[in-house]
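Asks: The structure follows.
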């Protein structure tokens with residue numbers, strides 16, 4: 002891991018300082034240029050470190066964006082695991098992953114939604130994560146027609162659920178067990194997963 | 002319509018002034034005491050008018066709460082009409098009513114969501130409407146078990162859709178035709194309507 006002096010601030014002494022410098026530079030750049038307009042290379046330059054160090058500490062650009070929020074759970078790892086086995090049963094895995102992660106951190110998620118949606122900037126990190134990370138990951142895991150539209154409607158269902166359960170706290174949803182929610186909501190989400198028309202062939206022989 | 006002098010501010014001269022006084026009093030009381038803790042009688046007293054005048058101008062308590070927001074469409078009338086014919090096909094009527102109302106007023110709805118969710122008060126009017134008006138109306142229109150939970154999940158789907166389409170503006174959802182959205186999202190919502198187990202009997206004879 003070679004570290005070169007970049008054009009931004011000079012490299013700081015220890016690992017903790019360098020990690021902080023990278024997150025600070027990433028926050029500014031994502032806020033100013035959005036997810037699409039930011040690159041690991043430019044963020045590294047701003048932080049005064051080599052680009053390979055950014056990947057070493059934080060992974061890819063999506064992971065770095067999520068890291069700027071310093072969340073108690075890693076949504077990327079959760080989603081990657083939930084979609085790994087393909088469309089069959091994906092809704093149940095996605096919803097269980099979501100609820101088991103955030104039911105324990107309701108206040109954090111509620112604050113994320115409140116502050117994220119309150120901002121009228123489309124570069125706000127929560128909006129960017131919903132749009133450029135979560136929707137993209139789900140879309141890649143779907144098959145058939147209209148994957149992007151179906152993925153964005155899946156995210157709609159999850160954001161709406163979080164809003165009513167954690168932010169507005171509508172009863173009985175706020176106090177319902179995750180099992181009750183899963184039972185009702187999974188078929189509604191699985192419909193969006195299966196609606197692409199590319200089902201596995203039936204037993205034709 | 003007899004008007005009596007209330008304990009609050011003295012009755013004002015013309016209809017426009019009285020209507021404004023009622024809305025001002027309603028906004029303060031809903032904010033201070035919530036939907037459940039407010040009454041038309043107390044609001045009338047605060048506005049210095051007779052309670053019958055409040056009903057005459059604004060209808061019932063739900064309608065008065067909605068009136069305080071001065072929206073370009075009347076959600077109560079839209080929902081009442083969408084649920085009037087019962088559970089069969091209700092999801093399609095609800096979604097079409099929602100999209101035809103708000104697609105024309107995206108900015109208004111986006112601002113409602115932003116300001117509504119940004120507030121951390123559970124007495125904030127948008128949260129109260131989601132919880133005490135919309136969820137209650139949908140719940141009353143459902144049949145079978147778990148009506149309240151299913152209604153709150155229907156509202157989750159609608160709020161999530163509005164958030165992704167109007168606030169975060171995720172593509173292709175933001176630009177999709179309402180017809181495309183209806184086609185994919187209706188079966189997902191109708192599942193919640195039909196999940197109560199109280200279906201009409203099959204052709205048993």
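Chains as they are written, first to last, in the numbering used here: chain A, 2 to 206; chain B, 2 to 206. No residue lacks a Cβ here, since even glycine has one placed at the ideal position from N, Cα and C. Nothing here was measured: the structure is a model prediction, and the numbers come from that model.
#1: When you compare the CB positions of residue 158(B) and residue 35(B), do they come within less than 8 angstroms of one another, or not?
#2: Whose Cβ in chain B lies nearer than 7 angstroms to the Cβ of residue 192(A)?
#3: Roughly how many whole angstroms lie between the Cα atoms of residue 61(A) and residue 149(B)?
#4: What residue range does the alpha helix (DSSP H) around residue 178(A) cover?
#5: Relative to the alpha-carbon of residue 194(B), which residue among 87(B), 183(B), 81(B), 42(B) has its alpha-carbon at the smallest distance?
#6: Less than 8 angstroms between CB atoms is the rule here; does residue 67(A) satisfy it with respect to chain B?
#7: Between the segment 87-116 of chain B and chain A, which residues of the former have a C-beta closer than 9 angstroms to a C-beta of the latter?
#8: In whole angstroms, give me the CA-to-CA distance for residue 111(B) and residue 167(B).
#9: Taking only runs that begin and end inside the segment 25-104 of chain A, name each unbroken alpha helix (DSSP H) of 4 or more residues, in chain order.
#10: Would you tell me roughly how many angstroms separate the C-alpha atoms of residue 59(B) and residue 126(B), rounded to the nearest one?
#11: Could you check whether residue 118(B) and residue 136(A) sit closer than 8 angstroms to each other, using their CB atoms as the reference points?
#12: Check each residue of the segment 158-174 of chain A: if its Cβ is closer than 9 angstroms to any Cβ of chain B, include it; give the result in chain order.
#13: Using a Cβ-Cβ cut-off of less than 8 angstroms, give me the residues of the segment 125-150 of chain B that come near chain A, in sequence order.
#14: Taking Cβ-Cβ distances below 9 angstroms as the criterion, which residues of the segment 43-77 of chain B are in contact with chain A?
#15: Any C-beta of chain A sitting closer than 8 angstroms to the C-beta of residue 41(B)?
#16: Of all the CB atoms in chain A, is at least one closer than 8 angstroms to the CB of residue 156(B)?
#17: Taking Cβ-Cβ distances shorter than 9 angstroms, what residues in chain E pair up with residue 181(B)?
#18: If I follow the unbroken alpha helix (DSSP H) through residue 138(A), where does it start and stop?
#19: Can you name, in chain order, every residue of its own chain whose Cβ lies under 8 angstroms from the Cβ of residue 76(A), other than the five neighbours on each side?
#20: Please classify residue 129(A): does DSSP put it in a helix, a strand, or coil?
#21: By how many angstroms is the C-alpha of residue 141(B) removed from the C-alpha of residue 179(B)?
#22: Determine, using beta carbons only, whether residue 119(B) comes closer than 8 angstroms to chain A.
#23: 8 angstroms is my cut-off, CB to CB: does residue 83(A) come that close to chain B?
#24: Under the three-state reduction of DSSP, which class applies to residue 2(B): helix, strand or coil?
#25: Below 7 angstroms CB to CB, which residues in the same chain sit around residue 170(B) once its five sequence neighbours on both sides are set aside?
#26: According to DSSP, is residue 111(A) helix, strand or coil?
#27: Compare the C-alpha of residue 144(A) against each of 21(A), 160(A), 89(A) and name the closest.
#28: So, for residue 188(B): in the same chain, excluding its five sequence neighbours on each side, which residues have a beta-carbon less than 8 angstroms away from its beta-carbon?
#29: For chain B, is any of its Cβ atoms less than 8 angstroms away from the one on residue 185(A)?
#30: Decide if residue 39(A) is buried, meaning its Cβ has at least 16 other Cβ atoms within 10 Å, or exposed.
#31: Along the chain, where does the alpha helix (DSSP H) containing residue 148(A) start, and where does it finish?
#32: Within 10 Å of its beta-carbon, does residue 156(B) have 16 or more other beta-carbons around it, so buried, or fewer, so exposed?
Replies: In brief:
#1: no
#2: 188, 189, 192
#3: 43 angstroms
#4: Where residue 178(A) is concerned, there is no enclosing alpha helix (DSSP H), given that its DSSP letter is neither H nor E.
#5: 87(B)
#6: no
#7: 111, 112, 114, 115, 116
#8: 6 angstroms
#9: 41-48, 52-59, 62-68, 76-84, 91-103
#10: 16 angstroms
#11: no
#12: 158, 159, 160, 161, 162, 163, 164, 165, 166, 168, 169, 170, 171, 172, 173, 174
#13: 128, 131, 132, 136, 147, 149, 150
#14: none
#15: no
#16: yes
#17: Absent here is chain E; the protein component of the structure consists of chains A and B.
#18: 136-142
#19: 67, 102, 130, 134, 135
#20: helix
#21: 26 angstroms
#22: yes
#23: no
#24: Low per-residue confidence applies at residue 2(B): pLDDT is 45, beneath 50, and the placement is therefore not dependable, though the value from the model is reported in the following sentence. Residue state, collapsed to three classes: coil.
#25: none
#26: helix
#27: 89(A)
#28: 92
#29: yes
#30: buried
#31: 148-163
#32: buried
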